[in-house]
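Position one of the sequence shown corresponds to residue 0 (numbering that gives the first Met the number 0), numbered consecutively onward. Data block below; observations after.
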Amino acid sequence: MADFMKILQQAQQMQGRLQQIQDELAKQSVSGSAGGGMVTVDADGKGQVRRIKIDPGVVNPADVEMLEDLVLVAVTEAQKKAAALAQDEMGKLTGGLDLPFKLPF
Numbered sequence: 000m001a002d003f004m005k006i007l008q009q010a011q012q013m014q015g016r017l018q019q020i021q022d023e024l025a026k027q028s029v030s031g032s033a034g035g036g037m038v039t040v041d042a043d044g045k046g047q048v049r050r051i052k053i054d055p056g057v058v059n060p061a062d063v064e065m066l067e068d069l070v071l072v073a074v075t076e077a078q079k080k081a082a083a084l085a086q087d088e089m090g091k092l093t094g095g096l097d098l099p100f101k102l103p104f
């Protein structure tokens, strides 16, 4: 029974550390850009977009599709960077173990 209590205690510690990592990720920032920096997206470490900056020079009413594509590329890049940051932080928690399931963020 002592082994079970030890496992339960370790699970609770890991859960607390997971919450701490999630809180830390929410405070961190990553950026993605497209069009040579004409469109920049800032997101937190969890991938939530916080700001989009668009250079006025890229705004062309005759070519809205290009602007849409640039925004999409910048958002995708920021989210990929956030996912990599989260993976790095989770690697610290799991000791570099490759878990067979996806964590909840």
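Idealized CB from N, CA, C, for every residue including glycine.
Worksheet entry | Distance between L24 and M89 (C-alpha atoms, nearest Å) | Taking the straight line from one Cα to the other gives about 10 Å.
Worksheet item: With a CB to CB cut of under 8 Å and the five nearest residues on each side skipped, what residues in its chain are close to D43?
Response: When the five nearest sequence neighbours on each side are left out, the beta carbons in the same chain lying within less than 8 Å of the beta carbon of D43 are those of L24, A25, K26, Q27, S28, V29, R49, A81, in order along the chain.
Fill in: Three-state class that DSSP yields for K52 in the structure shown
Annotated three-state conformation of K52 is strand, per DSSP.
Worksheet item: If you follow the beta strand (DSSP E) that A42 is part of, which residue opens it and which one closes it?
Response: It spans 38-43 - the beta strand (DSSP E) in which A42 sits, taken as one unbroken run.
Practice prompt. Pull up the distance between the alpha-carbon of K72 and that of S32, whole angstroms please.
Written response: In the sequence as displayed, the identity of residue 72 is Val instead of Lys. Approximately 7 Å, taken between the alpha carbons.
Worksheet item: If you check the beta carbons only, do D54 and M37 fall under 8 Å apart?
Response: Between D54 and M37, the C-beta gap is smaller than 8 Å, which places the two residues in contact.
Discussion item. Tell me the rounded alpha-carbon separation between A85 and K45.
Written reply: Straight-line spacing of the CA atoms in A85 and K45 works out to 7 Å.
Practice prompt. Specify, as a first and last residue, the run of the alpha helix (DSSP H) that A1 falls within.
Written response: Its alpha helix (DSSP H) spans residues 1-26.
Worksheet item: For E76, which residues from the same chain have a beta carbon less than 6 Å from its beta carbon, with the 5 sequence-adjacent residues on both sides left out?
Response: In its chain, beyond the 5 residues on either side, G31 have a beta carbon closer than 6 Å to the beta carbon of E76.
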